[in-house]
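Step one of this worksheet: look at the structure below.
This is the structure:
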């Protein structure tokens, strides 16, 4: 009995000491990550800092993403890409996996459109995830069977779908190795991309290039 009591006391002491040490270590590691990101972003002429989460949520979240609107953390990168003001930030989305709740990090990146456009949302088609219920009658097929098998398009202006998703853009999306990982919203004033991953500079850079190439291939005029 005494031996069991000693074991319990040792366990309690280990937890009492270990938890604060772990929290301090995690805090220092996060500060080091942010400091390194600030320096790396500055080398590209970008700024790493904090933006009010409500500002990010109200303007840039992909409301009809199958992942939900997400909760911006406020950590952001701002700057210029291809002559356009860029905003990128980290968002967290809670998902129910079996009986457990998990949190997934997303990198969200936005570039302003050169002209206002109808809102169009494009996500990968995912069997068994309730996307038909999500999009309902608003789903707009492009008429391209291969593309429609892989992607869901939502737009309340049907004629804009073929206008934006022209043959060369559909071909590019079908053959890009990461297109099925990225959700996007075009319009009304921004192109917004969502990608599941860590908020790191390489992710922001490749998403910026992805967005720039997409804008070049699209024909919303």
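Residue numbers (the working numbering): 391 to 611.
Even glycine gets a Cβ: it sits at the ideal position worked out from N, Cα and C.
Just so it is clear, the structure is predicted and the values come from calculations on it, not from any experiment.
Beta carbon of residue i nearer than 9 Å to that of residue j
i: residue 607; j: residue 574; result: no
i: residue 568; j: residue 596; result: yes
i: residue 513; j: residue 532; result: no
i: residue 565; j: residue 600; result: no
i: residue 602; j: residue 472; result: yes
Element boundaries [beta strand (DSSP E), containing residue i]
i: residue 580; result: 580-586
i: residue 439; result: 437-440
i: residue 575; result: 573-576
i: residue 443; result: Residue 443 -> not in any beta strand (DSSP E); alpha helix (DSSP H) instead, spanning 443-450.
i: residue 511; result: 510-514
Own chain residues within Cβ distance below 8 Å of residue i, not counting five before or after
i: residue 588; result: 495 and 497
i: residue 442; result: 464
i: residue 435; result: 469 and 470
Contacting residues, own chain, Cβ-Cβ under 7 Å from residue i (five flanking each side not counted)
i: residue 548; result: 530
i: residue 502; result: 474, 475, 579 and 580
i: residue 535; result: none
i: residue 414; result: Model confidence at residue 414 stands at a pLDDT of 48, short of 50, so the residue's coordinates are unreliable; what they give is reported in the following sentence. There are no such residues.
Span of the alpha helix (DSSP H), counted from its first residue to its last, around residue i
i: residue 549; result: 548-554
i: residue 592; result: 591-607
i: residue 557; result: 557-565
i: residue 462; result: Element bounds for residue 462: not the alpha helix (DSSP H) but the beta strand (DSSP E), 461-471.
i: residue 531; result: From DSSP, residue 531 is part of no alpha helix (DSSP H); its letter is neither H nor E.
Contacting residues, own chain, Cβ-Cβ under 6 Å from residue i (five flanking each side not counted)
i: residue 594; result: 467 and 478
i: residue 563; result: 569
i: residue 447; result: 462
i: residue 509; result: 577 and 578
Buried versus exposed, by CB contacts within 10 Å (16 or more), residue i
i: residue 582; result: buried
i: residue 577; result: buried
i: residue 432; result: exposed
i: residue 507; result: buried
i: residue 543; result: buried
i: residue 572; result: buried
i: residue 522; result: In this predicted model, residue 522 has a pLDDT of only 49, less than 50, meaning its place in the structure is not dependable enough to derive any value.
i: residue 480; result: buried
Proximity test, Cβ basis, 9 Å: residue i and chain C
i: residue 493; result: The structure shown contains no chain C, having only a single protein chain.
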